[in-house]
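Presented below is the structure to which this report refers.
Residue numbers (my numbering), protein chains in the order written: chain A, 12 to 657; chain P, 245 to 566.
What follows is the structure, encoded as structure tokens:
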């Protein structure tokens, strides 16, 4: 008798609620069994489409949801009481859940009929994704209130999905993935401060979201270690007696970090192998799986690309015998030895974090971020030196041109630039149609409840019904809680290997600096709302190592802020990093106004790169440029040339 | 630089024009042989024209204690009061590569506000917690803004230099970090005019640190300066007592004005700067040519003009060309 397959999902959403609804319905028709909603960056950071920071970002990496109208459109003709919906939403998780509940209520569906997940894991936002809004302590309060509310009111909801996924994306080792995520879960549970009799119910609702990389045997061991450790934490630390409540329940998105722009067809075998890591162990199998598309490192995937990834899951579940066997690793000496070693190292790290005062304190002090930045620098250096093989990138680069990228589109979805305008129109129509008195009183109620320490969910649901917008909800909380800037981690005391190449580069930097009259100084910045900062961090660290003075300000900067900093700091070059696809909206303005060379890195299709160069950008770097040393060397020459230095 | 360009640059700095300030700072950082002449002219003119009430505050203390966050809160307070603020933030230089990561701006977000100007500097090979061009940068920013903050690297014992660049020195400490004792051993507790126990919202631990500091200060309090260092519990993130800190700084400035202390400090700062330039450029042999360190100091003290004028005079006296 076969096991039931895991839930098949695809992380998707783009342009507008209407376009995303069409996509969801077609995905479901292809045999997808759950939804995974990607929101755009303004929604994830609590801004309406007309906020200055939202310019260029609306509808880019996900769907814009400004109000209950958008939410109703997004799920039109999708039965919410039969759907399992995962929402990747964190800082404003309470708000999007309130919109989801209110939408269901409009359609006559009861709260307890809803099932799904709000990601709601703020710790990894500070460490990796960057879509945080409020300071850590108050964010933990919101997390806790969502958990308390859903356990009673929406009992089939997973109120929090602790993410180790994003930690691997910024370079975490398996041991870091396990230990940081479990310490994070412990911080959440400790902050709730539940009476013992309520603990099992809450403990049983905590789920995880893991990554699976190309070293799939290591990944098998990782999820097995996770499973054993969570079980032990439940029993020993939280006194949960029922083993079912201690099951390590997790969903997976397999690794995007290792997908390559070079020979992109190679990504399909990578994705298949990564899927094996989390499906082969019956006792530690994922509950839901999302596979990226083969062309993610090039730009936005088309529906056909997503379908191909969905088919991988369906073939694995329906054609192979993976669901038919007992746990095939039971009794394996090698697997057991690896799991034990990983567990031991992870317990040690958890202990260290606990001694510091837990995951939140370790975020605030910058400890966790520094560890990750260091691991990633090591990973990048290993690829550069060839220590780690990436087929088609640092070895076996020669091959036939890929027929997959030969079409007119270059094998990716071209972005619909009208989405932002459409969303602005929708927002204005919505604002004009609703009752302002209702909105004002709902917001006043929200403010009062939050200030009085009451649960944020009931007044948020009331706001949703009243037609409050995402920006209005988040602004109300910003006024109470304030905003936060997380540690950047780039002050990690790194020790990269010395080489002739780096010494040579340093000599050149010294030479150019001497002629400039002061040390070569560069600003590395991330314009827009995209919080994926590891590329910028690595450039900053390597540039420092090459002898540059590097001004690094972290994420979420407006073009004005970047230009102001560049002027005040007297830098010789500006380096920008954007992964959200909004490069065409943000970079040209900076390049036009800056009086010094500007270079940019990100997921930038060749067609766009040409446009940027035509706008005066000195160089464009994409995931193809894995050799950071070469990028830095080019930056030095760009400065030399701009200053007439031979 | 032609005279009229220099005049325009000086006027631009006095008007707090960002382009002018940036250019003046770039000029001050220039290490090429020909730069000294322009620097000397620029510094001399700026010093002569700087409004007397403009004040320089040094922020020192161990790394991670929240100096930048505190600076941000102070600057915001000054902005709200209609004042302007400049800041020099210093970060360590990697000794292996000569490069540096300058990350303090991440905590100082004032957008394109024209009344704030922040320049980050790398300490380079300077050991005293300041960067080589800090003193000149301070002259530029002080000419432009009511308040100028200097945030040091924060490496403990070498923080003493900040005393010779700032009118008021604030030492920022963290509750229970155990640094207080070390600071006392290193004699650093004799330097600050104001002590801040930061992250005051940590509660009991913070209060204990504050009372520890107060009793230690009682031991070193045979202070000839007639100013009893104040200890404040502050939290920049929660906004606790930042206003009190700003008021204390104003009170200290009033004390400096009322006594001869401001004149003494500024003159000491000039001497320290001139000596530092001379020693860095001509080393021990150069000092010997002028009869040793004490003689060098005396020469500096009796010279006129800016520190750069003094340095040029010393060099030619010793037979060096600049």
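Beta carbons: idealized from backbone N, C-alpha and C, even for Gly.
Note that the structure is predicted; figures quoted are calculated from it, not measured.
- 269, 270, 273, 274, 275, 276 and 279: these are the residues of the stretch 269 to 300 of chain P whose beta carbon lies less than 8 Å from some beta carbon of chain A, given in chain order.
- Contact between residue 347(P) and residue 558(A) does not hold, since their C-beta atoms are separated by about 17 Å, which reaches or exceeds 8 Å.
- The alpha-carbon separation between residue 564(A) and residue 66(A) amounts to approximately 20 Å.
- Note on geometry: alpha-carbon atoms of residue 100(A) and residue 265(A) lie some 19 Å from one another.
- Comparing alpha carbon positions, the residue from 468(A), 471(A), 221(A) and 612(A) closest to residue 289(A) is 221(A).
- Straight through space, the alpha carbons of residue 556(A) and residue 338(P) are spaced by roughly 8 Å.
- In this structure, the CA atom of residue 224(A) is about 10 Å from the CA atom of residue 270(A).
- In the pairwise beta carbon analysis, the stretch 104 to 121 of chain A is classified as touching the stretch 464 to 481 of chain A: at least three pairs are separated by under 8 Å.
- The continuous alpha helix (DSSP H) containing residue 241(A) extends over residues 227 to 243.
- The C-alpha of residue 62(A) is placed about 25 Å away from the C-alpha of residue 462(A).
- At a beta-carbon threshold of 7 Å, the residues of chain P lying near residue 564(A) are 349 and 350, ordered along the chain.
- Excluding residues up to 5 positions away in sequence, 211, 212, 214, 215 and 245 lie with their Cβ nearer than 8 Å to the Cβ of residue 256(A) in the same chain.
- In the DSSP assignment, residue 586(A) is bridged to 535(A) and 610(A).
- Closer than 7 Å at the C-beta level to chain P, one finds these residues of the stretch 576 to 589 of chain A: 576, 578, 579, 580 and 581.
- In this structure, residue 334(P) places its C-beta atom within 8 Å of the C-beta atom of residue 397(P).
- With a cutoff of 8 Å on beta-carbon distance, residue 302(A) and residue 325(A) are scored as not near each other.
- Residues of the stretch 540 to 573 of chain A whose Cβ lies closer than 8 Å to any Cβ of chain P, in chain order: 551, 552, 554, 555, 556, 557, 558, 559, 560, 561, 562, 563, 564, 565, 569, 571 and 572.
- When DSSP states are grouped into helix, strand and coil, residue 305(A) belongs to the coil group.
- Straight across, the Cα-Cα distance linking residue 601(A) with residue 543(A) is about 20 Å.
- Residue 262(P) has a beta carbon lying within less than 8 Å of a beta carbon in chain A.
- Scanning 607(A), 448(A), 19(A) and 361(A) for the CA closest to the CA of residue 578(A) turns up 607(A).
- Residue 344(P) has a beta carbon lying within less than 8 Å of a beta carbon in chain A.
- Taking a contact to require three or more Cβ pairs closer than 8 Å, the stretch 178 to 193 of chain A and the stretch 377 to 389 of chain A qualify as touching.
- For residue 490(A), the uninterrupted alpha helix (DSSP H) run begins and ends at 481 to 492, by DSSP.
- Going by C-alpha positions, residue 643(A) is about 6 Å away from residue 554(A).
- The continuous alpha helix (DSSP H) containing residue 523(P) extends over residues 505 to 533.
- Under the 8 Å criterion on CB atoms, residue 363(P) is classed as interfacial with respect to chain A.
- Your pair residue 217(A) and residue 173(A) checks out as a contact, with CB atoms roughly 7 Å apart and the cut at 8 Å.
- DSSP places residue 264(A) in the uninterrupted beta strand (DSSP E) bounded by 261 to 265.
- Within its own chain, the residues whose Cβ lies closer than 7 Å to the Cβ of residue 72(A), once the five positions on either side in sequence are excluded, are 49, 51, 52, 591 and 592, listed in chain order.
- 91(A) is the residue among 130(A), 91(A) and 421(A) whose C-alpha sits nearest the C-alpha of residue 118(A).
- Residue 489(P) and residue 478(P) do touch by the CB rule: their CB atoms are close to 6 Å apart, below 8 Å.
- With respect to residue 265(P), residue 354(P) sits apart: the two C-beta atoms are not nearer than 8 Å.
- Straight across, the Cα-Cα distance linking residue 436(A) with residue 470(A) is about 27 Å.
- Ranked by Cα distance from residue 585(A), the first of 521(A), 594(A), 650(A) and 638(A) is 650(A).
- Contact note: residue 252(P) does not reach chain A at a C-beta cutoff of 7 Å; the least C-beta distance is about 18 Å.
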